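Visitor: Count the sequence shown with mature numbering (1 follows the signal peptide of the UniProt record, and there is no 0) and you get residues -25 to -1, 1 to 402, in order.
Idealized CB from N, CA, C, for every residue including glycine.
Since the structure is predicted, the reported quantities are computational estimates derived from the model, not experimental observations.
Provided herewith is a single structure, encoded as structure tokens, for subsequent inquiry.
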Amino acid sequence: MAKLLLLLTALLLGLTCSLPALTFAAPSGLQLRLTHVDDGSPFNFTERIRRAALRSQHRRQLLKARITNTSPANLNIPVTPVKFEYKIDFAIGTPRLPISAVLDTGSELVWTQCRPCEQCVEQVTPIYDPSKSSSFSKIPCTSPMYAYELFKQFNPPKCQYACAYGSASTRGVLATETFSFGRKHSAKLTFGCSRESRGNFAGTSGIVGLGQGKLSLISQLKFNKFSYCFTPFNSSRSSHLLLGSRANLERSASGEAPQSTPFLNDTNFYYVALRGISLGKTFLPIPSSIFQYKASEGRGTVVDSGTGQSQLPQPAYDVIKKKITSFIRLPVRNMSSTVGLDHCFAVSSWPPPQLPEMTFHFDKADMRIPSTNYMYADRRIGALCLVMHPVDHNLTIIGNYQQQNMHVVYDLTARKLSFAPAQCSNF
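Next comes the structure, spelled out in structure tokens:
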């Protein structure tokens, strides 16, 4: 009997190993672990905040360039050690090669570096070699995919795609390949096989775009929604990306009713209508015209997971700064060189003064965030700082620092953004 069981086990294992990757049924939903780019780094909390501030500055100029179709070469985009916030792990090819890529809700293309490389940037995992994968298939030059609107503005050579991310870029060929998420879920995706990459992608192989275009991961997997839940900035627990049926607010369990606001467009950027901002019970005197939506001019409010710290037009930032200063009777300090934040207070005794929650008043929805989501307290340097940045234009960006412990759902069918407070470390 023991020999029979051993034989059956061996046969089953052999059958399992011989199955092609795409025999798995398409899942109704997926949950993927997100890793922050500074996780596992030697940087202390102060340094992490400063690095996030630098990345946010880069991201602001990058989004502005994309939205207004301004040439990134004409912008003063700073070179930072890392220019993205979160990355995900998955596998590519047959046999499977584990790789990681940065997550970007503000772009569409899924791409990874490929051999042979004319120029590749450093990545932690081995570079994918399509010649060693039995499931790789190059898309013919005659395919209309190469005439896709996404690539036109970069004027790539014939039979190649090209995309720019400020001072970073990718160029290569389009292909299809098997992508595997976890042990059981695989799908055939169109992706960019990058032969030339420039910039810094946090040691990953490329980018996974979650925009609204047809080449994004969410569109190709035919999921109608996705969500994320970011753990606190100084937490050691993982954040998560949820796709399809997993992206529902039933998991939030905060006791608060979910809020929903409609999307204003169908481009790669997730615009929402911001009507105003409150601090505590005070509706701040910010002219509503500052938040007026006009995508062609780069105006309006974008919810973006790739921006670390929120960006507000200077007049709105000044009103918030003035109101916070009225709450805190402490000396004001500019700590741009230390933590990358220009509105801080010197704190000599601990704990620092408490501040009320802040509310973003969207169309039909209010996002209430605690003071820990807009202020940064650092006992080591004796400072309390506003974690937002002023900008000289009218593009408001709600960054991920303000979305900590908030389950945020992007519903592409219902065309709405929904959210509710959550303990993201429990996901």
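Within 10 angstroms of its Cβ, does residue 307 collect 16 or more other Cβ (buried), or is it exposed?
Guide: exposed
Visitor: Tell me which same chain residues have a C-beta within less than 6 angstroms of the C-beta of residue 339, skipping the five on either side of it?
Guide: 236
Visitor: Inspect the beta-carbon positions of residue 76 and residue 182 and report whether they are closer than 8 angstroms.
Guide: At the C-beta level, residue 76 and residue 182 come within 8 angstroms of one another.
Visitor: Can you tell me where the beta strand (DSSP E) holding residue 249 begins and where it ends?
Guide: For residue 249, the uninterrupted beta strand (DSSP E) run begins and ends at 249 to 254, by DSSP.
Visitor: Please classify residue 119 as buried or exposed, where buried requires at least 16 neighbouring CB atoms within 10 angstroms.
Guide: exposed
Visitor: Quick check on residue 394: does DSSP put it in helix, strand or coil?
Guide: strand
Visitor: Decide yes or no for the touch test of the segment 188 to 206 against the segment 377 to 385: beta carbon pairs closer than 8 angstroms, at least 3 of them.
Guide: yes
Visitor: Let me see if you follow: with CB-CB separation under 8 angstroms, is residue 77 close to chain D or not?
Guide: Among the chains of the structure shown, chain D does not appear; only one protein chain is present.
Visitor: Excluding the 5 residues flanking residue 290 on each side, which residues of the same chain have their C-beta closer than 8 angstroms to its C-beta?
Guide: Excluding residues within five positions, the ones whose Cβ falls inside 8 angstroms are 261, 262 and 265.
Visitor: Suppose the cutoff is 6 angstroms on Cβ atoms and the five residues either side in sequence are ignored; what does the same chain contact list for residue 94 look like?
Guide: 171
Visitor: In terms of alpha-carbon separation, which member of 297, 331 and 92 lies closest to residue 168?
Guide: 92
Visitor: In this structure, does DSSP put residue 246 in helix, strand or coil?
Guide: Note: residue 246 maps to strand in three-state DSSP.
Visitor: For residue 69, I'd like the list of residues in its chain whose CB is within less than 7 angstroms of its CB, leaving aside the five on either flank, ordered along the chain.
Guide: -5, 108, 109, 110 and 153
Visitor: Using 8 angstroms as the cut-off, can you tell me whether the segment 381 to 397 makes contact with the segment 359 to 370, which would need three or more C-beta pairs spanning the two stretches below that distance?
Guide: The segment 381 to 397 vs the segment 359 to 370: no contact.
Visitor: To the nearest angstrom, report how far apart residue 244 and residue 106 are at their CA atoms.
Guide: 35 angstroms
Visitor: Can you tell me whether residue 367 is helix, strand or coil according to DSSP?
Guide: coil
Visitor: I need the DSSP call for residue 295, collapsed to helix, strand or coil.
Guide: Helix, per DSSP.
Visitor: Short check: CB of residue 483 to CB of residue 191, under 8 angstroms?
Guide: Nothing about residue 483 can be reported from this structure: the residues present for the chain run from -25 to 402 only.
Visitor: To the nearest whole angstrom, what separates the beta carbons of residue 156 and residue 9, a pair I think is in contact under 8 angstroms?
Guide: Not a contact, Cβ separation roughly 13 angstroms.
Visitor: In whole angstroms, what separates the C-alpha of residue 354 from that of residue 247?
Guide: 36 angstroms
Visitor: Tell me which residues share the same chain as residue 258 and place their Cβ nearer than 7 angstroms to its Cβ, disregarding the 5 neighbours each side in the sequence.
Guide: 251
Visitor: Among 61, 147 and 21, which one has its Cα closest to the Cα of residue 7?
Guide: 61
Visitor: In chain order, what are the residue ranges of uninterrupted beta strand (DSSP E) at least 3 long that sit wholly in the segment 61 to 106?
Guide: Runs found: 61 to 67, 72 to 79 and 85 to 88.
Visitor: Could you tell me which residues DSSP puts in a beta bridge with residue 310?
Guide: 316
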